[in-house]
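Going by the working numbering, the first residue of the sequence shown is number -2, and it counts up by one from there. Ideal placement from N, C-alpha and C gives every residue a C-beta, glycine not left out.
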Amino acid sequence: MSTTTDFQKITEQISVPTNLVDAAITQGIQAAAPRRKQNRRRITIGLAVAVLLLGAAITPATIQAGGIVPAFTQLLDQDGAKTHNFDPTMNMLLGNLYNQGLYDKVSVPAQKVGNVQVQPIGTLSTAGVVAVLIDYTGPGMQPDQLRRQTEQVDQVSGQHIIDTESNFGKVALGHYRQVIAFYTQGTTPVQAINLQLGKVNGTQQTLAFKQLPVTQRPLQETAINQQSTVKAIHGGKITGRLTTIQQAPEALVVNYTLAFSQAGLSARWLENYSEAAWISEATVYDGQKNLGLLELGSGGQFLRTKTNAGQVTSQFQSIFAKSYGSLGDQHSLKDAPADAVVKFRLEIPGRRPNRQQVGTFTVPVRQLLTK
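Below, the structure is given as structure tokens:
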């Protein structure tokens, strides 16, 4: 499957104050408040705060406010006053995109569009996220055309791709860098991707890069095996179980199941309960003190379902960055108090527009830190 993104059409754009960085931070926070209500299998974009938007007169800098701004200069629109959002959770997961050392080097011949060379230089795969880094160099670069470019990514194995994100940055005169990232589904590692770039540098030319290798970073798996049961509004009891958490230094993949009897359920509610269950909220607590939410990447990814003697069991997963907080005050999970816990809330479809809570699973933060 593939996802094509045209950023001129779909990216969010908000005005940037021309003087004060603080004002830009405040506006970014207000414009991208986290959305807690998601539709089934919908990916949350702009989860906590916008990537900081710096006016042309402001010296480029790396400033953390709910997302790590790439250390290279953010690409501005032609009027120098706006730029698009890059999912801040992607920033959390991938870190400093300017640091090529984060990526596994790929040896792919450059392709030319006019006087511009286009070349993928690295790929990265961490818990639930894959990214590719691309360089654009040459005297014919037109920065205002970068946003009009389209990107299509396919996994060579045919696995599902969720929510392709992209961002550009200026590295030097005539040198721009792009990161394209996407969330993955399931536990099978991504081995290679095919990449297609359209409308490159304002032309009608399309470039294709085939079989870009991707190496999965080792993931640490922690068994949790907590469960909670609730009487559903339709049918009988439903049991949710948090089974395992796979993790890398940057992110968590939360694996969970839902089990119930299909007796007495209409076809509609059988489908609802089989294919929709969300862990899209994870709150960090120090005792009774709420320290904030983990940054959500994607919540409620349906993986598979099976039925045995009328008993239905479905598997799901959610992806979180190892960062928590609120209103732009973000902290690494490794810096949380020693006895802090994370409470993962499991929900299922309820009476519209509300969801029904199955239960909350409490996991000590120390179990969520890679060893």
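Three-state secondary structure assigned by DSSP to residue i
i	result
D336	coil
Q139	coil
R174	strand
D3	Because the pLDDT at D3 is just 37, under 50, the model does not fix this residue reliably, and the value given afterwards should be weighed accordingly. In this structure, D3 counts as strand in the three-state DSSP scheme.
R265	helix
V197	helix
L366	coil
E272	helix
L99	helix
L330	helix
P361	strand
A169	strand
I190	strand
R349	coil
S295	strand
A128	strand
G356	strand
T185	coil
Other residues of its chain near residue i: CB distance less than 7 Å, five sequence neighbours each side excluded
i	result
G356	S225, V227, G237, L343
K368	Q217
G289	V281, Y321, G322, S323
Continuous beta strand (DSSP E) stretch holding residue i: start and end
i	result
L121	113 to 123
A318	308 to 323
E148	147 to 152
Q285	Counting along the chain, Q285 falls outside any beta strand (DSSP E), and DSSP gives it neither H nor E.
V105	First-last for V105: undefined, no H or E at that position.
Among the options, the one whose alpha carbon lies nearest that of residue i
i	options	result
G199	G98, L324, G137	G137
I190	V338, A178, G135	A178
G233	L262, Q223, L209, L291	L262
A169	Q188, G183, S154, T134	T134
K286	L300, N269, G322	G322
L293	N305, Q308, F317	F317
K207	V197, Q188, Q213, P215	Q188
S122	Q298, T161, A245, Y173	A245
R110	L194, I235, L366	According to the sequence shown, residue 110 is Val rather than Arg. For the residues L194, I235, L366, the minimum Cα distance to V110 belongs to L194.
K167	Q152, T184, D132, S154	D132
P106	P140, V153, L209, V197	L209
Q139	Y270, Q149, K196	K196
Q354	T181, I230, E148	I230
Residues of its chain near residue i, where Cβ-Cβ distance is below 6 Å and the 5 sequence neighbours each way are ignored
i	result
S315	V251, I276, G296
D379	Any answer about residue 379 is impossible in this case: the structure gives the chain only from -2 up to 368.
Q108	V115, L204
E183	Checking the displayed sequence, the identity of residue 183 turns out to be Gly instead of Glu. Within the same chain, G183 has close Cβ partners L300.
Own chain residues within Cβ distance below 8 Å of residue i, not counting five before or after
i	result
D332	none
D19	Reliability of the predicted coordinates at D19 is poor, the pLDDT of 32 falling under 50, and the value obtained from them is presented with this limitation in mind. None.
L291	L249, A279, T280, V281, F317, A318, K319, S320, Y321, L330, V339
TODO: Kindly provide the ranges of any alpha helix (DSSP H) runs that are 4 or more residues long and lie completely inside the stretch 205 to 260, ordered along the chain.
DONE: List check, alpha helix (DSSP H) in window: nothing returned.
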